[in-house]
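Residue numbers (the numbering used here): 1 to 456. Here a beta-carbon is modelled for each residue, glycine too, at the ideal position from N, C-alpha and C. Have a look at the structure below, then the notes.
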Ligand code: PMP
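Quick look at the structure:
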């Protein structure tokens, strides 16, 4: 067996880690953690630690770790047929069954699901579908996409452009010119503290109207958003936001892409976030919870309105020229089928709603009075603790984002994984949907201990 030192050395010498400080890592100055196993909401590492994963990997292991129903389905599929493509009408029992299961669960008005590998490529697909759609409709100038600051939609060229976080743009020559960003629906960071939530929504909608007027509605194809902002801070929208946005988009013939990579398959206590907020999407992005990350798989669920035009496009132009080798990979599809069955059998959607609300109450009891806690928010099985150097002024720490990693580090020492959200004074929680109230209590208690250890 390889020693930890040997692995750590190879890791530093060979492995280009995503979203990592490259030089610090290479010099051995950044954390290295080698994960070996998982069971329920816990993972274990090579140093023998057992950690409660309060972030479900990257908001993705929704069913929890170590689920034999899913791993058995993967093994069976791998033995029978590890791969075949899905071009030109090919499929497998797993991929066809999964498409039916996804469509049975999708919100009203959706027609088909296109499978990819991860959330980023699914959003690349979405933007290509939108452009194709408007070309077929004879509107070649209607191509821009409106996204929100603080939105997260991936790390590709278009998907990274849609993402509204500077870290993912700086020095990468992004965003591409076809992407326009509008204001983030983040009430805690409202421009004027005197604004009520309703005032703030009205302000956001006016900004969106301004953006559309400035760019010209005839140049704007689509608007993309997560039902609840994820990596940008786990922020539920202010009251009336989605209703207002949808009304504006309809009026200007702008498509709605709902990125449900985090919220799809139960995280908000409903199968989709679209159902939670009464959204009528033209396209839905899915990934993560589709397989609970047991295998890479994503999808674009296409609404009827677009589907009909895409079909017309192939009547006029021939085969639809967009495909990945691994679209609807049989192993991913088998994982997806087993995972969606398990979510139903265990009642995980309902559990996410109930225990998620319990977690926020427990968190409020544990840290709500702490002078550096500005806000505790969330929806379903999502929770964020907003930290501030001054509760009255909502001021950031100096430099911003310097404190949350320290608190998360203290939590890790106490056996709980929280995520210090990128470049922000926030701790994020997105545990597996099977979390129990006892485990929620453990997260809240450890957050309190770590906060006091870091900030007094
Ligand atoms: N959209 C959302 C809402 C996400 O949270 C993520 C990933 N965190 C993505 C897209 C990108 O997915 P992936 O990392 O699988 O490419």
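Residue i classed as buried or exposed, judged by whether at least 16 other C-beta atoms fall within 10 angstroms
i	result
residue 95	buried
residue 442	buried
residue 83	exposed
residue 77	buried
residue 451	buried
residue 236	buried
residue 115	buried
residue 328	buried
residue 34	exposed
residue 103	exposed
residue 512	Residue 512 is absent from the structure shown; the chain starts at 1 and stops at 456.
residue 75	exposed
residue 399	exposed
residue 185	buried
residue 215	exposed
For residue i, the residue or residues it bridges with in DSSP
i	result
residue 390	395
residue 267	Note: residue 267 sits in no beta bridge, so no partner.
residue 65	40
residue 147	181
residue 173	According to DSSP, residue 173 bridges with nothing at all.
residue 50	44
residue 309	Per DSSP, none; premise fails for residue 309.
residue 286	299
residue 35	45
residue 383	378, 429
residue 420	427
residue 114	300
residue 220	144
residue 256	223
residue 229	235
Beta-carbon proximity list for residue i, same chain, < 8 Å, skipping 5 on both sides
i	result
residue 388	372, 373, 374, 394, 395, 396, 397, 425
residue 169	160, 161, 163, 175
residue 53	38, 41, 42, 43, 61, 65, 417, 431, 432
residue 457	Since the first residue shown for the chain is 1 and the last is 456, residue 457 is missing from the structure and cannot be characterised.
residue 125	114, 116, 300, 322
residue 370	448, 451, 452, 455
residue 157	124, 174, 176
residue 312	136
Near the ligand PMP: residue i beta-carbon under 7 Å from a heavy atom
i	result
residue 287	yes
residue 204	no
residue 165	no
residue 226	yes
residue 152	yes
residue 123	yes
residue 231	yes
residue 118	yes
residue 248	no
residue 262	yes
residue 268	no
residue 382	no
residue 451	no
residue 53	no
residue 348	no
residue 433	no
residue 259	yes
residue 58	yes
Proximal residues to residue i (C-beta, below 6 Å), its chain only, five neighbours per side dropped
i	result
residue 50	42, 44
residue 200	187, 190, 238
residue 294	70, 335
residue 359	383, 440
residue 323	87
residue 446	411, 414, 416
residue 57	293
Close-in-space but distant-in-sequence residues of the same chain around residue i (CB under 7 Å, 5 per side omitted)
i	result
residue 249	223, 256
residue 67	342
residue 296	117, 118, 332
residue 182	146, 148, 207, 208, 211
residue 303	109, 110, 111, 281, 282, 283
residue 307	111, 112
residue 204	183, 185, 241
residue 422	165, 167, 231
residue 271	105, 265, 349
Self-check item: Inter-stretch contact (C-beta, 8 Å, three-pair minimum) for the stretch 223-231 and the stretch 188-195
Solution: no
Exercise. Report yes or no: do three or more beta-carbon pairs, one from the stretch 336-356 and one from the stretch 258-276, lie closer than 8 Å?
Key: yes
Practice problem: Please confirm if the stretch 426-435 is in contact with the stretch 346-359, defined as three or more CB-CB distances below 8 Å between the two stretches. | Solution: yes
Quiz item: Should the stretch 114-130 be called in touch with the stretch 278-294, which here means at least 3 C-beta pairs below 8 Å?
Solution: yes
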